[in-house]
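Residue numbers (my numbering), protein chains in the order written: chain A, 1307 to 1663; chain B, 13 to 120.
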């Protein structure tokens, strides 16, 4: 058989995900070539279509989902993300050393969010609002250098961290001397009752708004500008989107098993945390109103909290149990981990010493 | 339990004959189905991935022959049991249908 069918088949290898090309890609090419009649001078259309189908099918089943990729992108020394399920370790091993992949992770991390927000608002700003300009300039001074520093010095540290969390060698390759398995890590926080958190937040945010909007105590020194209105509405819409996101999580809550934190300490912590959070949200409500010039926006955080309380109560009735923080923010609960152990033999135990008589 | 898809079932039966690589599996499947089922690379490896993920088959070894990679697969114990169970269920359905339709070979 001439090399022409093989060359044509190899040209279609790009359809397979990069990390599957050496095995699955070559396997599929080998099968297609074996099925050709002896002496075939070229790759028939049917064989090409078969190979294309195999490549697209491999792409569909051998590409990790958004959650896995987001976990890797958002990994940092301040959280415990970055651990992928064992079946995706080979994928990660081919990606982690790729500069393009590292920059794509940077693009998905939190720094660009600050930059995008700054660029969006600064496009609306005029010279009549020096406070906003100063704030946005500060964000640009922090965000852009932060991204630059990450690109220069943070990338090797990020790569080393990802490799350590997934049992990969320092150069990103799979280690032959380890046994890896899927495991579950320790949760970041206890599974506090979320109704207590939201209820206390709703109770405290209202009085904070009333107090701060009072003419004697309210913030009246800001002048409402067109840019201010844009920023105020933008942040209010962002809050609503976040609330919708949390509401959807509450509505889709399912029983995830581990026992929730109960007892006076848990309820107390939930109440204090919720109350403090409600006060902060009430303050931000007043800020929205002051910056945008729309007084009703001051009640937006309180309205959102009351809505969430009602949703949680309905979900608890549906599930016949208390909802915990892990149900709403699953990232706070036990996370999937790769547990890996070196296969090398352990050194022999120290020789026993005779007991003193 | 719902019946498996035909390509997956035929692959399981083909692997019951021992360790096979991809081309060997397609030849056995074609023989089992009297030439009716011809597996392409997309169908074969999609089905093999599902079988390996379900624990019914496993990849054993790889070798390179004439510059082409060949990876061998074999049934696991679970896969063997599942192939037998699937065959019994299909036979039962076929017998009942043949009896219903008055075809030769159906139960009296």
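The beta-carbon is built from N, C-alpha and C at its ideal position, and this holds for glycine as well.
The C-beta separation of residue 1547 of chain A from residue 1618 of chain A comes to about 19 Å, leaving the pair out of contact by the 8 Å criterion. Using a Cβ distance threshold of 8 Å, residue 1360 of chain A and residue 35 of chain B do not count as a contacting pair.
Collapsing the DSSP output to three states places residue 1485 of chain A in a strand. DSSP places residue 22 of chain B inside the alpha helix (DSSP H), whose first and last residues are 18-27.
The C-beta of residue 1622 of chain A comes no closer than 8 Å to any C-beta of chain B.
Residue 71 of chain B sits in a strand when the DSSP states are folded into three classes. Considering only beta carbons, the part of the region 1331-1343 of chain A lying closer than 8 Å to chain B consists of 1332, 1333, 1334, 1335, 1336, 1337, 1338, 1339, 1340 and 1341, in chain order.
If you ignore the 5 residues before and after residue 1414 of chain A, its C-beta comes within less than 6 Å of the C-beta of 1379, all in its own chain and listed in chain order. Between the alpha carbons of residue 1328 of chain A and residue 1320 of chain A lies a gap of roughly 11 Å. Residue-level contact check: residue 68 of chain B does not touch chain A, since none of the beta carbons of chain A fall below 8 Å from its beta carbon. When secondary structure is reduced to three states using DSSP, residue 1374 of chain A falls in the helix class. Secondary-structure assignment with DSSP links residue 1499 of chain A through a beta bridge to A:1630. In this structure, the straight-line span from the alpha carbon of residue 1404 of chain A to that of residue 1371 of chain A is close to 19 Å. With 16 or more neighbouring CB atoms inside 10 Å of its own CB, residue 1377 of chain A falls in the buried class.
Within the same chain, Cβ atoms closer than 6 Å to the Cβ of residue 40 of chain B are found at 26, the five residues on either side in sequence being excluded. At least one beta carbon of chain A lies nearer than 8 Å to the beta carbon of residue 57 of chain B. Rounded to the nearest angstrom, the gap between the Cα atoms of residue 66 of chain B and residue 85 of chain B is 14 Å. In the three-state DSSP reduction, residue 86 of chain B falls in the strand class (E or B). By the neighbour-count criterion, in which a residue is buried when 16 or more other Cβ atoms sit within 10 angstroms of its Cβ, residue 1633 of chain A is buried. Note on geometry: alpha-carbon atoms of residue 1613 of chain A and residue 1545 of chain A lie some 13 Å from one another.
Residue 97 of chain B has no beta-bridge partner at all, per DSSP. In chain order, 1367 make up the part of chain A whose C-beta sits under 7 Å from the C-beta of residue 61 of chain B. Contact check for residue 1387 of chain A against residue 1381 of chain A passes: the beta carbons are separated by less than 8 Å. For residue 1594 of chain A against residue 1542 of chain A, the beta-carbon gap comes to about 5 Å, under 8 Å, which counts as contact.
In the structure shown, the three-state DSSP call for residue 1641 of chain A is coil. As DSSP reads the structure, residue 1368 of chain A sits in no beta bridge.
Contacts between residue 1357 of chain A and chain B, judged by CB atoms closer than 7 Å, involve 53 in chain order. Listed along the chain, the chain B residues whose CB falls inside 8 Å of the CB of residue 1329 of chain A are 74, 81 and 83. Residue pairing from DSSP places residue 76 of chain B in a beta bridge opposite B:81.
Identification of residues in the region 32-51 of chain B having a C-beta nearer than 8 Å to some C-beta of chain A yields 34, 35 and 38, given in sequence order. Taking C-alpha positions only, residue 73 of chain B is separated from residue 83 of chain B by approximately 6 Å. At a cut-off of 8 Å between beta-carbon atoms, residue 1363 of chain A makes contact with chain B. Sequence-distant Cβ neighbours of residue 1481 of chain A in its own chain, meaning closer than 7 Å and more than five residues away, are 1473, 1474 and 1475. Per DSSP, the continuous alpha helix (DSSP H) segment holding residue 1613 of chain A begins and ends at 1606-1625. Counting along the chain, residue 1462 of chain A sits inside the alpha helix (DSSP H) bounded by residues 1461-1472.
The C-beta distance from residue 1622 of chain A to residue 1628 of chain A rounds to 6 Å, short enough to fall under 8 Å.
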